[in-house]
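Colleague: Sequences listed follow chains S and H, in order.
Each residue of the first sequence is one higher than the one before, starting from 406 at the first, in the working numbering.
Each residue of the second sequence is one higher than the one before, starting from 406 at the first, in the working numbering.
Cβ coordinates follow ideal geometry from the N, Cα and C atoms, glycine included.
Number of protein chains: 2
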Amino acid sequence: MHGLMQDFPLLVHRVLDHAARWHGTRSILSRSVEGPLHRTDYASVNRRARALASACERRLAIGKGAIVATMAWNTWRHIEIWYGVMGLGAIVHTLNPRLFKEQLTYIVNHAEDRWIFTDLTFVPLLEELQDSIPDIKGYIILTDEAHMPDTALRNSICYETLIAGGDEEYTWPELDENTACGLCYTSGTTGHPKGVLYSHRSNVLHGLMCALGDAMALSSRDAAMPVVPMFHANAWSMAFSAPIAGASLVLPGPKLDGPSIYEMLDQGRVTISAAVPTVWLMLLNHLEKNGELRLPHLDRVVIGGSACPEAIMKAFVENYGSDVIHAWGMTEMSPIGSLGVISGEAAKLSQKEWWTLKLKQGRPPFMVDMKITDDAGNVLPHDGHTFGRLKVKGAAVARSYYKGEGLAAFDADGWFDTGDVATIDEYGYMQITDRAKDVIKSGGEWISSIDLENIALSCTGIQEAAAIGLPHPKWDERPLLVVVRKQEAVITKADVMRHLEGRVPKWWMPDDVAFVDEIPHTATGKISKMELRATFKSYRFPES
Amino acid sequence: MHGLMQDFPLLVHRVLDHAARWHGTRSILSRSVEGPLHRTDYASVNRRARALASACERRLAIGKGAIVATMAWNTWRHIEIWYGVMGLGAIVHTLNPRLFKEQLTYIVNHAEDRWIFTDLTFVPLLEELQDSIPDIKGYIILTDEAHMPDTALRNSICYETLIAGGDEEYTWPELDENTACGLCYTSGTTGHPKGVLYSHRSNVLHGLMCALGDAMALSSRDAAMPVVPMFHANAWSMAFSAPIAGASLVLPGPKLDGPSIYEMLDQGRVTISAAVPTVWLMLLNHLEKNGELRLPHLDRVVIGGSACPEAIMKAFVENYGSDVIHAWGMTEMSPIGSLGVISGEAAKLSQKEWWTLKLKQGRPPFMVDMKITDDAGNVLPHDGHTFGRLKVKGAAVARSYYKGEGLAAFDADGWFDTGDVATIDEYGYMQITDRAKDVIKSGGEWISSIDLENIALSCTGIQEAAAIGLPHPKWDERPLLVVVRKQEAVITKADVMRHLEGRVPKWWMPDDVAFVDEIPHTATGKISKMELRATFKSYRFPES
């Protein structure tokens, strides 16, 4: 027997409708790509999103199921495109302009994008790409007629002119809540990028989840600034969660440097903001240089994208009185998987224990579940030290990639294998300890390459360190520690080993230390273990 | 094209699973019906809910779609029954023991209940009823063997013995999220009570909605005490929202008097609690009598069920430092429709304006929408003074009553007519001004009977007042004010009219004042306008 409740599909444009009707005057402050700050509100953005939807249908023949790309910063216009295009039943494909040109070309063609909405910033890049993406019917440039560039782009259209011809009273079509509405590619270290296809339902549930008390705790008293780009996995949900909560939005546009971010925090009286560690480091440097600057409004700082250095987190808490929330997620998770908000049970801990938890990646909110398993799939305990492959499921977790690619990551039992290795402690705090492909498997036990590296880095004289597993006749794999010395440092294998002794379990001790001049890195600045393993392919451990 | 996200049905037992896995040691403190306080946690309650589900299936042959009634206070056992019975795919029908016996008999038979879970308190009542509810197969008494009563109930079963025979590792069946899981009857002033049939999806979405920042703002740092009974429309969602948020639960069992509620607030370090004004009045009286008592933990007080007197709200804010949240809803809305949390835009108001908003019934959270219309269905403005019929829709709003009754309340366009008349102001705050059937329709304009009564009550010498509309040849209806004088008060029609002048719009002035010894009331203590209109059926206004 079914319940007798109203049919209320979870559609993303209902989020904007709610904000427009019940929080219509809450502001949306943006740094425009043209330069000046721009202020609007939810009621206006809703009208313009509807106008855009009608213009897309009538003028560009964009209909249900069409795929439309954006290459744009976080501004009010990008918000309008999200809600307008998703609302008409089409799919917004956010392009990351930082990808290599070959990747962008591959992605646009693979996704079968038909139109690209682009900020002025990216017109030159798209001019270069346009011959390799011939199925694009035209380019909508996010500006007004006064700022339209002289461009070689085929069929370039002025965004403000397009929207001016639309109908602000446009009625959203009825849609099934499982209709696709967003597409974002994730680039692994191997193979082509793979697309994650979000649905209206998954985005709305993810937006609700992220607004909850142990996630971002958003309310209509907040001003939320996603510094994390909307092309970076849904801006960590803030573009959905803020209007759900009636929080105002502050959007930093193209400028992510310290002084610019400070200006937006100050002008927008931002209470919560989300960004990667690098952005926060730039802000903190700016604040330190200008000792009189404070962050009186900033209550919560969400940090994710990569593990956050302790110094950044402590600076916010101890120098500026802002709480920090370490978050973890993946494009495949929409992207939030866990947040390091201190739970009620953990609230009684000492300051030191509190920081230990804070530095972990946090706990899953309702509608995400996670487990750690060994290679055979056996569930491992939540004891804070056993580590295993991290697997997740949830209302906003992918069940396959676009066009059926990369199926190996999706278990038959409905769990997505994140490719990460993690521990989970008794309070439910998860900590990433390694990538599964980098963990060192010695005699059936796992050694965290990241832990080894971090402990090695605390040794005087070491500039950079990388731990890799190399074949071993008896133990399967044993760790090799690859080290770059600090300039003019004199440090030997014996020094390194002495430093590690007592700091890591005995059986984690590297079988050898190799000194090199340089460790190879990927395009995004991470250590390329793949390349390193290739370099040391013929290496043999000394006889012990 | 559909999104490629995991299938994650919104099922209520996922809520308990989440709490058990990630907030397993968060406590559930109850006053037991047997007497002593009882402490358990989410992990235990989850194991017992599963054991109960398996015992229901195996021993009582309760399967998917079966309807099982509860007549029980808020305790951990009632929580176990909710999650256990809903989780196995059956439906929990909460019976309100305060209804008339005839109504209870009607409801149990109409719902086709098959088993009743009952607290010890209600065994005598059910013994009286059992012959009139012959289809009940048996009664599960919520206690252990030591406390089992000597009862005439047919097939009475000890709850603790039942659960002891169940399997704590029971696996929940797979269910469609639209599966019915809860049934609650609402008794109007006319006709039989009508059933509202909740689904897993509607309960989970409602639970999420109520946990949001502008609703109850729940987190795992909270201890939530629903004083409002679980048989009173889902305990205003707290039994779902608290485990969603990881908040601990405090359950007051059978004792709702001031000292008992204070004890639970204190022992459970309750941070948020919800109840009707009467309960809060009893608590405040107890606190006033014991001047040294404080409420150091209580951060938020949710008040609903009927309009809350200003004195109660101010006492919490001004004397005890707790915020008050005026809430409004209906059984048909699961039940929350709006909450009087001060929004970001309204936060800049003066103290006086703030209180004006606080006394209103609040704003709808995301997933509820509301509008006010005139009799022809035209939407009326949000200006704070135009009032119209209040209509709602949302993810947890009924689309019909059980067995298709009372269809008139459900518009063809998907809005549920609440039967209330309300205003909505520029900030989105809704205020109930009348019941639609009591509003006085004069020359096409509406006069609020409640406003007239409240203003009349502020006149010295008036004990009670009721305004009703009576037929008028020219204006359709005109107001008659029916007044009970205070003992020994000497007050005339002219005195009353002088008091009203300038306090109400000119055309609201009653055409006559009738003095009576007594005003008729309903069983729940409200003025019976229906009876009053019958009394004055032959009354004619004086010629003006």
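Would you say H:Arg444 lies against chain S (beta-carbon separation less than 9 Å)?
Modeller: No, no contact with chain S.
Colleague: Check S:Pro952 in the structure and name its three-state DSSP category.
Modeller: Nothing in the structure corresponds to residue 952 of chain S, since chain S is present only between 406 and 949.
Colleague: Are S:Lys898 and S:Lys842 closer than 9 Å when you measure CB to CB?
Modeller: No, Cβ-Cβ distance for S:Lys898 and S:Lys842 is not below 9 Å.
Colleague: Which residues share a DSSP beta bridge with S:Glu850?
Modeller: S:Glu850 is bridged to S:Ser847.
Colleague: Is there at least one Cβ from chain S nearer than 9 Å to H:Ala569's Cβ?
Modeller: No - not a single Cβ of chain S is within 9 Å of the one on H:Ala569.
Colleague: Kindly indicate which residue of S:Leu886, S:Asp818 and S:Arg945 has the alpha-carbon position closest to the one of S:His877.
Modeller: Measuring from the Cα of S:His877, the nearest candidate turns out to be S:Arg945.
Colleague: Within a Cβ cutoff of 8 Å, which residues of the same chain sit near S:Asp780, ignoring the five residues on either side of it in sequence?
Modeller: So the list reads Arg794, once near-sequence residues are dropped.
Colleague: Considering Cα atoms alone, identify which of H:Asn514, H:Leu504, H:Val490 and H:Lys506 is closest to H:Lys808.
Modeller: If we check each option's Cα against that of H:Lys808, H:Asn514 comes out closest.
Colleague: For H:Ala1013, report the span of its alpha helix (DSSP H) as first-last.
Modeller: This structure gives no information on residue 1013 of chain H, because the portion of chain H shown stretches from 406 to 949.
Colleague: Find the residues of chain H that neighbour S:Glu462, judging by a C-beta separation of less than 9 Å, and give them in chain order.
Modeller: The premise fails here: S:Glu462 is roughly 17 Å from chain H at the closest Cβ pair, so nothing lies under 9 Å.
Colleague: For S:Trp820, which residues of its own chain have a beta-carbon under 8 Å away from its beta-carbon, when the five flanking residues on both sides are left out?
Modeller: Cβ within range, chain order: Lys776, Lys796, Val797 and Lys798.
Colleague: Entirely within the segment 592-626 of chain H and at least 3 residues each: give me those beta strand (DSSP E) ranges in chain order.
Modeller: Counting only runs of 3 or more, we get 599-604.
Colleague: Does any residue of chain H have a CB that is nearer than 9 Å to the CB of S:Gln411?
Modeller: It does; some Cβ of chain H falls within 9 Å.
Colleague: Ends of the beta strand (DSSP E) at H:Ala827?
Modeller: Run containing H:Ala827: Phe821 to Ile829, per the beta strand (DSSP E) assignment.
Colleague: Could you give the distance in angstroms between the alpha-carbon of H:Ser853 and the alpha-carbon of H:Ile484?
Modeller: Approximately 41 Å between the Cα atoms of the pair.
Colleague: Does any residue of chain H have a CB that is nearer than 9 Å to the CB of S:Ser625?
Modeller: Taking Cβ atoms only, chain H reaches closer than 9 Å to S:Ser625, which makes this a yes.
Colleague: Starting from the beta carbon of S:Leu583, find every residue of chain H whose beta carbon is closer than 9 Å, and list them in chain order.
Modeller: Note that residue 583 of chain S is Asn in the sequence shown, not Leu. Under the 9 Å cutoff, chain H gives His407, Gly408 and Met410.
Colleague: Which partner residues does S:Gln836 have in the DSSP bridge list?
Modeller: Answer is S:Thr828, bridged to S:Gln836.
Colleague: Return helix, strand or coil for S:Ser678, following the three-state DSSP convention.
Modeller: It is a strand residue.
Colleague: Counting only C-beta atoms, is H:Met614 closer than 9 Å to chain S at any point?
Modeller: It does: the Cβ of H:Met614 has a partner Cβ on chain S nearer than 9 Å.
Colleague: Can you name the residues that DSSP bridges to S:Asn639?
Modeller: Its beta-bridge partners do not exist; DSSP assigns none.
Colleague: Pairing CB atoms from the segment 570-590 of chain S with CB atoms from the segment 594-608 of chain H, are three or more of them under 8 Å?
Modeller: Contact fails: fewer than three Cβ-Cβ distances are below 8 Å.
Colleague: Only counting the same chain, and skipping five residues up and downstream in sequence, which positions put a Cβ closer than 6 Å to that of S:Arg495?
Modeller: According to the sequence shown, residue 495 of chain S is Ala rather than Arg. Counting only Cβ-Cβ distances below 6 Å, and skipping sequence neighbours, we find Ile467, Ala471 and Val473.
Colleague: Excluding five sequence neighbours on each side, which residues of the same chain lie with their C-beta closer than 8 Å to the C-beta of S:Glu923?
Modeller: Same-chain partners within the cutoff: Val889.
Colleague: Between which two residues does the beta strand (DSSP E) harbouring S:Ala628 extend?
Modeller: Ala628 to Pro631 is the extent of the beta strand (DSSP E) around S:Ala628.
Colleague: My parser needs the beta strand (DSSP E) runs of 3 or more residues fully inside the segment 757-831 of chain S; what are they?
Modeller: Listed in chain order, the complete beta strand (DSSP E) runs (minimum 3 residues) inside the segment 757-831 of chain S are 773-778, 793-799 and 821-829.
Colleague: With a CB to CB cut of under 7 Å and the five nearest residues on each side skipped, what residues in its chain are close to S:Ala827?
Modeller: Around S:Ala827: Ile777, Phe792, Leu795, Met835, Gln836, Ile837 and Thr838.
Colleague: Once the 5 residues before and after H:Val909 are set aside, which same chain residues still bring their CB inside 8 Å of it?
Modeller: For H:Val909, where only same-chain residues beyond five positions count, the Cβ hits under 8 Å are Asp856, Leu857 and Ile860.
Colleague: Rank H:Gly673, H:His790 and H:Arg452 by C-alpha distance to the C-alpha of H:Gly571 and give the top, closest one.
Modeller: When only C-alpha atoms are compared, the closest one is H:Arg452.
Colleague: I want to see whether chain H comes within less than 9 Å of S:Glu750, judged by CB atoms only; does it?
Modeller: Chain H contact via Cβ: present.
Colleague: Step through the CB atoms of chain S and report whether any lies within less than 9 Å of the CB of H:Ile649.
Modeller: Output row for H:Ile649: interface = yes.
Colleague: I'd like the span of the beta strand (DSSP E) that includes H:Arg890, first residue to last.
Modeller: Element bounds for H:Arg890: Asp881 to Arg890.
Colleague: Select from H:Ser642, H:Leu530 and H:Arg705 the residue whose C-alpha is nearest the C-alpha of H:Asn479.
Modeller: Minimum Cα distance to H:Asn479 is reached at H:Ser642.
Colleague: Per DSSP, which one or two residues make a beta bridge with S:Ala474?
Modeller: Beta-bridge pairing links S:Ala474 to S:His498 and S:Ile521.
Colleague: So what's S:Arg908 in DSSP terms, helix, strand or just coil?
Modeller: Coil, per DSSP.
Colleague: Would you mind reading off the limits of the beta strand (DSSP E) that contains H:His731?
Modeller: Unbroken beta strand (DSSP E) run through H:His731: Asp728 to Gly734.
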